[in-house]
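Trainee: Counting the sequence shown from 1 gives a position; my numbering is that position plus 1129.
By construction, the Cβ of each residue, glycine as well, lies at the ideal position given by its N, Cα and C atoms.
In this text the structure is predicted, and so the values were computed from the model without any measurement.
Once you've had a glance at the structure underneath, I'll fire off some questions.
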Amino acid sequence: MIGLIIASIVSFGTGYLIVKKYKAQTILFLAGIILMGFAIIMGTGVIVEPEETTGFIWFDILEFIKITFSSRAAGMGLAIMAVGGFAKYMDGIGASDALVNIAVKPLKVIKSPYIVLAIGYIIGQILNIFIPSASGLGTLLMVTMYPILTRLGASKLSATAMIGTSACLDLGPASGNSVLAAQTADISSSIYFTTYQIPVAIVTIIAIAISHFFVQKYFDKKENHNISSNIKENHKKSKTDIPKTYAILPIVPLIVILLFSELVFSNIKLDVVTAMILSTIIAMTFELIRTKDIKKVFSSIQIFFDGMGTQFAAVVTLIVAGEVFAHGLKVIGAIDTIILGAQSLGFGSVMMTIVMVIIISGSAIIMGSGNAPFFAFAALVPDIATKLSIPAISMLLPMQLAAGIARSVSPITAVIVAVCGISEVSPFEVVKRTAIPMVVGLVVVIISSFILF
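Right, dumping it as structure tokens:
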């Protein structure tokens, strides 16, 4: 119980400092180190395995950080860096713009702004499979879809709220959270996406789309918004000189990952990193054909490398920091205490999953990030699932989807801040409009996960 009290105080302080915009990695590292320090003093857990010890238990804390960096940078971290590099390259050559431009064209023939809002959300969520960056996709949709919505008569707040949630589920094998969930559950990214994410996502996407239709219409009516086609367009323009064929390039990784997997050609398997390298080579070939400038195309590979570096600095370090924090919670005995307490109260796998989803959701709203809380708590799931005698995936799936959903209710999350900056509206006003659709989505995720799996 003392360990749980210490962990609660440290966790509260961690959340408070992150809300105050202290560097998340530093805070998570520090929190993990403090918890491991108390674990050493109290003798409640093992910091590293005996064969990995430095011989001095206090140095073992730093040794654990080193081991975690080594394993993550070479494994899952490399996959996330490759995805980030490819996404950056797609932005650099205009392929992401080409895909979005084609995807939003059908919306122009529909005259009702709220029907377009609902359909626009569905399209955005599908695009998120190929454009994994929530803020990146949101910015692209603000350039392409936002003017259509406002011209049809939707308010700035309604259009911004929908676009701000267009990547709330973090779908596809290119998502960092999806990669982490798959690896933690010890399954391939393609199987996680096709077998687990898609069935739950289909139901959830429909529910959120319908919710957006009614919620945005209600808020616009409540605020006496007059539907008008004379709303000023956003002046930012996407790249229009990019060939339409470039729209296929962001989809290539998904195609090759699914094609060369257990689903089609089971004798050939491509992991995420290999697929991203292959897709980048294909994209460079397209660029070479278009520009006929071999020196420029060869130089453009730096965009890919820069994207990888950005992902290491922003995401991989956050994963490691989250795992250090999670390990601290584990070795101090906090997780065991929670599990034993839940079991003593009669909590089974369903209630424990709901508890974990609530913890993840609250953390995501406070931190303004779906990655940070999921990275922090995902590593704990296998042990919890084993003690509850359930597959880890049955807890990881709703937790992973909940992290992205809850993030979309935070006024400090990157995608909400980014889209609000373009439409010049208050993030706090926008999250009032995203709250109900996201609560609906969260409930549907939990229920459908339990029913389907």
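#1: Under a three-way DSSP split, which group does Asp1512 fall into?
#2: Could you give the first and the last residue of the continuous alpha helix (DSSP H) run that contains Glu1181?
#3: When DSSP labels each residue in this structure, what does Thr1446 get in the three-state scheme?
#4: Identify, in the order they occur along the chain, each residue of the same chain with its Cβ nearer than 6 Å to the Cβ of Ile1551, setting aside the five sequence neighbours on each side.
#5: How about Phe1433: is its Cβ closer than 7 Å to a heavy atom in the ligand NAD?
#6: DSSP three-state label for Ala1296, please.
#7: When you compare the segment 1571–1582 with the segment 1333–1352, are there three or more beta-carbon pairs, one atom per stretch, that lie closer than 8 Å?
#8: Where does Asp1422 sit, in a helix, a strand or coil, going by DSSP?
#9: Identify, in the order they occur along the chain, each residue of the same chain with its Cβ nearer than 8 Å to the Cβ of Gly1265, setting aside the five sequence neighbours on each side.
#10: Using the beta-carbon count (16 or more within 10 Å), is Gln1345 buried or exposed?
#11: For Val1148, I'd like the list of residues in its chain whose CB is within less than 7 Å of its CB, leaving aside the five on either flank, ordered along the chain.
#12: In this structure, does DSSP put Tyr1275 in helix, strand or coil?
#13: Skipping 5 residues on each side, what residues in its chain have a beta carbon closer than 6 Å to that of Ile1448?
#14: Taking Cβ to Cβ, would you say Ser1340 is nearer than 8 Å to Gln1326?
#15: Are the Cβ atoms of Thr1143 and Gly1462 separated by less than 8 Å?
#16: Can you tell me which of Arg1536, Ala1290, Thr1324, Val1393 puts its alpha carbon nearest to the alpha carbon of Val1554?
#17: How is Asp1349 classed by DSSP in three states: helix, strand or coil?
#18: Between Phe1322, Lys1152, Met1130, which lies nearest to Ser1498 when the distance is taken from Cα to Cα?
#19: Can you give me the start and stop residues for the alpha helix (DSSP H) that Thr1143 sits inside?
#20: Quick check on this structure: which residue in Phe1185, Leu1378, Leu1236, Gly1253 has the alpha carbon closest to the alpha carbon of Ser1408?
Mentor: Taking the coordinates as given:
#1: Locating residue 1512 in the sequence shown gives position 383, counting from the first residue. Asp1512: helix per DSSP, three-state reduction.
#2: Looking up residue 1181 in the sequence shown gives position 52. No alpha helix (DSSP H) holds Glu1181; DSSP gives it neither H nor E.
#3: Translated into positions along the sequence shown, residue 1446 becomes position 317. Three-state DSSP puts Thr1446 in a helix.
#4: Locating residue 1551 in the sequence shown gives position 422, counting from the first residue. For Ile1551, where only same-chain residues beyond five positions count, the Cβ hits under 6 Å are Met1271.
#5: Absence of the ligand NAD is noted for the structure shown, with no ligands found whatsoever.
#6: Taking the sequence shown and counting its residues from 1, one reaches residue 1296 at position 167. Here Ala1296 sits in coil by DSSP.
#7: yes
#8: Taking the first residue of the sequence shown as 1, we reach residue 1422 at position 293. Residue state, collapsed to three classes: coil.
#9: Translated into the one-based positions of the sequence shown, residue 1265 becomes position 136. Excluding positions up to five away in sequence, the list reads Ala1216, Asp1220, Ser1225.
#10: The residue labelled residue 1345 in the question sits at position 216 within the sequence shown. The residue in question, Gln1345, is buried, as its Cβ has 16 or more Cβ neighbours within 10 Å.
#11: Position 19 of the sequence shown, counted from the first residue, corresponds to residue 1148. Counting only Cβ-Cβ distances below 7 Å, and skipping sequence neighbours, we find Ile1495.
#12: As a working note, residue 1275 is residue 146 in the sequence shown. Tyr1275 falls in the helix class under three-state DSSP.
#13: Numbered from 1 along the sequence shown, position 319 holds the residue referred to as residue 1448. Counting only Cβ-Cβ distances below 6 Å, and skipping sequence neighbours, we find Arg1201, Phe1504.
#14: Taking the sequence shown and counting its residues from 1, the one referred to as residue 1340 is at position 211. Taking the sequence shown and counting its residues from 1, the one referred to as residue 1326 is at position 197. Result no, Cβ atoms of Ser1340 and Gln1326 do not sit closer than 8 Å.
#15: Position 14 of the sequence shown, counted from the first residue, corresponds to residue 1143. Position 333 of the sequence shown, counted from the first residue, corresponds to residue 1462. No, they are not a contact pair.
#16: In the sequence shown, residue 1554 corresponds to position 425, counting from 1. Looking at the Cα atoms, Ala1290 is the closest of the given residues.
#17: Numbered from 1 along the sequence shown, position 220 holds the residue referred to as residue 1349. The answer is helix: DSSP assigns Asp1349 an H, G or I state.
#18: By 1-based counting over the sequence shown, the position of residue 1498 is 369. Among Phe1322, Lys1152, Met1130, the Cα nearest to that of Ser1498 belongs to Lys1152.
#19: The count along the sequence shown starts at 1 and reaches residue 1143 at position 14. 1131–1148 is the extent of the alpha helix (DSSP H) around Thr1143.
#20: By one-based count along the sequence shown, residue 1408 stands at place 279. Of the listed residues, the one whose Cα sits closest to Ser1408 is Leu1378.
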